[in-house]
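*Asks:* Here it is, the structure, as structure tokens.
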Amino acid sequence: MKMSMYLIPTLKEDPADAEVISHKLMLRAGMIRKLTSGVYSYLPLGLRSLKKVQQIVREEMDAAGALEVFLPAVQPAELWEESGRWEIYGKELLRFKDRHGRDCCLGPTHEEVITDLVRRDVRSYKELPLNLYQIQTKFRDEIRPRFGLMRGREFIMKDAYSFDADEKGAETSYGLMWKAYSNIFSRCGLKFRAVEADSGPIGGSFSHEFMVLADTGEDTIVSCDSCDYAANMEKAEIRPIEPMNRDSASEAPRRVETPGMRTIEQVSQFLNAQPSDLIKTMILRSESGPVAVLLRGEHELNEVKVKNFLKAGELELADERTIEEVTGGPRGFSGPMGLKDIKILADYAVRAISTAVIGGNENDVHVVNVTPDKDFTVDQYGDFRAAAEGDPCPRCEGKLVLNRGIEVGHVFKLGLKYSKAMNARFLDVDGNEQYMVMGCYGIGVSRTVAAAIEQNHDEDGIIFPPPIAPFSVLITPVGKKDEEIDQIAGKIYQELWDAGIDTLLDDRDERPGVKFKDADLIGVPVRITVGKKGLAQGKIELRNRRSKEVSMVEIPAVVQEIKRTLAEWNAG
RNA sequence: CGGGGUGUAGCGCAGCCUGGUUAGCGCGCGUGCCUUGGGAGCACGAGGUCGCCGGUUCAAAUCCGGCCACCCCGACCA
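This is the structure we're talking about:
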């Protein structure tokens, strides 16, 4: 492509409404433009990058035996009523009525549509396993879209759905997708990790998230420093602490005045104690009533763990009124002593406290010298806290470390959830009707591009990994209008295209500084400068966007040298 | 949904508090000259419903009310 004929509206300044780096850079590089909150147009440069990711996704999905389809964005309510999600999906599902008053929605995901398709046309075990995928625009009406393509309302997703005759087959399908995803993100040139994820209320099944490592990521990845254990924050397990032998001759509990001291920090300072000597009592509410969860003072609650432990559908922190009803005291002074008609759960770490400070269930009162299991009873101990840096690994003797990441892919075993709800059955070898065992597998394609930028940029702009760069090479002829320069630049440009290398030629009548700044901003991996300095020796300059190294290359060797540079980059 | 903020030329902003000529600045854009290895210089120029609606006033970008859009923060703690 010749830049004079192309549309790359770069910006010198950061747009005011962009917060994260990928959003800023994609706007500045002229890749995207916002239409309305969370909805973006792709300009030619942005689309090229997107298509490169899509191509890699297609190749790997095809290689894994998945078949590409294309499903409707507009979906009828009836299907969603069948699966039960019309009621429970919530406001993220954009609903509307057609001219006949029929309820419709814009698809945020396609389990219903695909299950409907398959149940109509697949009747025999002979047609299984089956894996269908598509790359399509999804719409999710997020409460608060933000960060450009990272959390848009309209976005491009690859979603795949596997159908198997039995659990064993489903596991094979899952494994194939897991492998395909690893290939995809590796081929995109990204540093990533596959982490164990919470599989939610579907239960029993397992799930992995593929996270691109980036300090600016919204999610936290918990991994072990010595084994390959990795999980997201919700899922991350912590090795239980052994109960401690307590001194039975400890002092009796004593009530003390703690006026206005509600937080762990305030109470521990006021009583001259360590946060780890405190037990905090959190009152939660599920659909089956309130529950108290005890944590050691310095620890944070992991609600998902509690939710799964209780097999609760809904779980939230109790409001002020509920706390008062349950404990008799205001928020900030709850404690486990004297609580009645409420289940008391405690994190394992509570077992390792000999005497603790707890809330007095009365305004401005705490209780000291409290011994767990003696002065109050715990119904069940469990792992209820959020993992923190340095916690013991659940699989080995190592320690957990925390990193930031961006979720770009998710593989999930659905089991029979949709096939049962929507009656997707087949006949097995023995002629018996069976439900299909399903799996679903998503990749945020547009988010992958944004995540790549979050991971690969510097103060000058984007540093695209070559496989997903909109162009691999940018040629900048510099200096005064000069026929020799233009002719050689044009010749190299043609040779590169002939060699199958995406090349952009900056034939604009701009000063060199402008061309160099734009080249850095849009992040093309290799820049060739054709100028009279080099030509005097029969050479051009080749500059690596990432290392910023410049080498002088003989003109006949340019194509070969570029291939080598790109290959090295991908390998490293 | 709650809290905060912003809306003035394509982009970034000033002006508003304290109402008063033709509403400014930088970048970008157009033309010409000049310049050509890291966002040059000079000159001339185009481009504005001051988010929208209403009110106050002799007079509103500026004050008041309503609406809209966009951005940020939000159980984080017993």
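If you use our numbering, the first sequence corresponds to residues 5 to 576, in order.
Just so it is clear, CB atoms sit at the ideal spot from N, CA and C, and this is done for glycine as well.
Using the C-alpha atoms, what's the distance from residue 5 back to residue 399?
*Replies:* Numbered from 1 along the first sequence, position 395 holds the residue referred to as residue 399. Numbered from 1 along the first sequence, position 1 holds the residue referred to as residue 5. Those two C-alpha atoms are separated by around 53 Å.
*Asks:* Short of 6 Å in beta carbon distance, which residues of its chain neighbour residue 325, apart from the five on each side in sequence? Order them along the chain.
*Replies:* In the first sequence, counting from the first residue as 1, residue 325 sits at position 321. Exclusion of the five residues before and after residue 325 leaves no residue of its chain whose Cβ lies closer than 6 Å to its Cβ.
*Asks:* Whole angstroms are fine: how far does the CA of residue 467 sit from the CA of residue 187?
*Replies:* Along the first sequence, read from residue 1 onward, the residue named residue 187 stands at position 183. Along the first sequence, read from residue 1 onward, the residue named residue 467 stands at position 463. In a straight line, the C-alpha of residue 187 is about 21 Å away from that of residue 467.
*Asks:* Which of the three DSSP states is assigned to residue 422 in this structure?
*Replies:* Position 418 of the first sequence holds residue 422. Looking at residue 422 - three-state DSSP - the assignment turns out to be helix.
*Asks:* When DSSP builds the beta bridges, which residues end up paired with residue 262?
*Replies:* Numbered from 1 along the first sequence, position 258 holds the residue referred to as residue 262. Paired residues: none, contrary to the question.
*Asks:* Which term fits residue 103, buried or exposed, when burial requires 16 or more other beta carbons within 10 angstroms of its beta carbon?
*Replies:* As a first step, residue 103 is located in the first sequence; it is residue number 99 there, counting from the start. By the neighbour-count criterion, in which 16 or more other beta carbons inside 10 Å mark a residue as buried, residue 103 falls on the exposed side.
*Asks:* In the DSSP assignment, find the unbroken alpha helix (DSSP H) run with residue 459 in it and report its ends.
*Replies:* Sequence index remark: in the first sequence, residue 459 carries index 455 (1-based). Looking at the DSSP string, the run of the alpha helix (DSSP H) that includes residue 459 is 449 to 459.
*Asks:* Just to confirm before moving on: does the CB-CB distance between residue 529 and residue 571 stay below 8 Å?
*Replies:* Here residue 529 is taken as the residue at index 525 of the first sequence, counted from 1. Here residue 571 is taken as the residue at index 567 of the first sequence, counted from 1. In this structure, residue 529 keeps its C-beta atom at 8 Å or more from the C-beta atom of residue 571.
*Asks:* Run through DSSP, which three-state label would residue 180 get?
*Replies:* To locate residue 180, count along the first sequence from 1; it is residue 176. Note: residue 180 maps to helix in three-state DSSP.
*Asks:* For residue 319, collect the residues of the same chain with a Cβ closer than 7 Å to its Cβ; drop the 5 residues on either side in sequence, then sort them by chain order.
*Replies:* Indexing the first sequence from 1 puts residue 319 at position 315. The answer, listed in chain order, is 288, 290, 307, 310 and 311.
*Asks:* Nearest to residue 443 by alpha carbon, out of 250, 419 and 238?
*Replies:* Within the first sequence, residue 443 is the residue found at index 439, counting from 1. Out of 250, 419 and 238, 419 has the C-alpha closest to the C-alpha of residue 443.
*Asks:* For the beta strand (DSSP E) containing residue 225, name the first residue and the last one.
*Replies:* Position 221 of the first sequence holds residue 225. Segment 223 to 228, the beta strand (DSSP E) holding residue 225.
*Asks:* Is residue 207 buried or exposed, if buried means 16 or more other CB atoms sit within 10 Å of its CB?
*Replies:* What you label residue 207 is simply residue 203 of the first sequence in a count that begins at 1. With a pLDDT of 46 at residue 207, under the threshold of 50, the modelled position of this residue cannot be trusted; read the value that follows with caution. Looking at its Cβ environment, which holds fewer than 16 other Cβ atoms inside 10 Å, residue 207 is exposed.
*Asks:* Suppose you measure from the CA of residue 369 to the CA of residue 271; what does that come to, to the nearest Å?
*Replies:* Here residue 369 refers to the residue found at position 365 of the first sequence. Here residue 271 refers to the residue found at position 267 of the first sequence. Distance between the alpha carbons of residue 369 and residue 271: 10 Å.
*Asks:* Nearest CA to the CA of residue 118: which residue from 142, 112, 75 and 131?
*Replies:* Translated into the one-based positions of the first sequence, residue 118 becomes position 114. Minimum Cα distance to residue 118 is reached at 75.
*Asks:* With DSSP run on the structure shown, which of helix, strand or coil describes residue 302?
*Replies:* Counting from 1 along the first sequence, the entry for residue 302 is found at position 298. In this structure, residue 302 counts as coil in the three-state DSSP scheme.
*Asks:* Under the DSSP definition of a beta bridge, which residues are partnered with residue 380?
*Replies:* Position 376 of the first sequence, counting from 1, holds the residue named residue 380. In the DSSP assignment, residue 380 is bridged to 376.
*Asks:* Out of 477, 479, 414 and 552, which one is the CA nearest neighbour of residue 197?
*Replies:* Sequence index remark: in the first sequence, residue 197 carries index 193 (1-based). Ranking 477, 479, 414 and 552 by Cα distance to residue 197 puts 414 first.
*Asks:* Hey, quick one: how far does the alpha helix (DSSP H) through residue 325 stretch, first residue to last?
*Replies:* Translated into the one-based positions of the first sequence, residue 325 becomes position 321. It spans 324 to 331 - the alpha helix (DSSP H) in which residue 325 sits, taken as one unbroken run.
*Asks:* Considering only residues of the segment 56 to 140, which uninterrupted beta strand (DSSP E) runs meet the minimum length of 3 residues and lie entirely inside it, listed in chain order?
*Replies:* DSSP runs (the beta strand (DSSP E)) wholly in the segment 56 to 140: 78 to 80, 99 to 101 and 107 to 110.
*Asks:* For residue 397, count neighbouring Cβ atoms within 10 angstroms of its own Cβ and tell me buried if that reaches 16, exposed if not.
*Replies:* If you number the first sequence from 1, residue 397 lands on position 393. By the 10 Å Cβ count, residue 397 comes out buried.
*Asks:* Check the DSSP bridge columns for residue 481 and list the partner residues they point to.
*Replies:* Here residue 481 is taken as the residue at index 477 of the first sequence, counted from 1. Per DSSP, 534.
*Asks:* Determine which residues share a DSSP beta bridge with residue 444 and list them.
*Replies:* Counting from 1 along the first sequence, the entry for residue 444 is found at position 440. 165 and 416, per the DSSP bridge assignment.
*Asks:* Compare the beta carbon distance of residue 128 and residue 431 with 8 Å and say whether it is the shorter of the two.
*Replies:* Counting from 1 along the first sequence, the entry for residue 128 is found at position 124. Counting from 1 along the first sequence, the entry for residue 431 is found at position 427. A contact, by the Cβ cut-off of 8 Å.
*Asks:* Taking the continuous alpha helix (DSSP H) assigned at residue 314, which residues delimit it?
*Replies:* Along the first sequence, one-based indexing puts residue 314 at 310. Start and end: 307 to 314.
*Asks:* Which value, in whole angstroms, describes the spacing of the CA atoms of residue 448 and residue 140?
*Replies:* Within the first sequence, residue 448 is the residue found at index 444, counting from 1. Within the first sequence, residue 140 is the residue found at index 136, counting from 1. Cα to Cα, residue 448 sits roughly 10 Å from residue 140.
*Asks:* What does DSSP give as the partner residues of residue 556 in its beta bridges?
*Replies:* On the first sequence, residue 556 is found 552 positions in, with the first residue counted as 1. Beta-bridge analysis with DSSP links residue 556 to 545.
*Asks:* How many whole angstroms separate the CB atoms of residue 405 and residue 227, which I take to be in contact at a CB cut-off of 8 Å?
*Replies:* By 1-based counting over the first sequence, the position of residue 405 is 401. By 1-based counting over the first sequence, the position of residue 227 is 223. Confirmed, about 6 Å.
*Asks:* Can you give the Cα-Cα distance for residue 111 and residue 35, rounded to whole angstroms?
*Replies:* On the first sequence, position 107 is the one that residue 111 refers to. On the first sequence, position 31 is the one that residue 35 refers to. Their Cα atoms are separated by approximately 25 Å.
*Asks:* For a quick check, are the C-beta atoms of residue 266 and residue 372 less than 8 Å apart?
*Replies:* Along the first sequence, one-based indexing puts residue 266 at 262. Along the first sequence, one-based indexing puts residue 372 at 368. Pairing residue 266 with residue 372 gives a Cβ-Cβ distance that is not under 8 Å.
*Asks:* Give me the DSSP bridge partner(s) of residue 580.
*Replies:* Outside the displayed span of the chain (5 to 576) sits residue 580, for which this structure offers no information.
*Asks:* Look up residue 489 in the DSSP assignment and say whether it is helix, strand or coil.
*Replies:* In the first sequence, residue 489 corresponds to position 485, counting from 1. Here residue 489 sits in helix by DSSP.
*Asks:* Where does residue 515 fall in DSSP's three states?
*Replies:* Residue numbering aside, residue 515 sits at position 511 when the first sequence is read from its first letter. In the structure shown, residue 515 sits in coil (DSSP, three-state: anything other than H, G, I, E or B).
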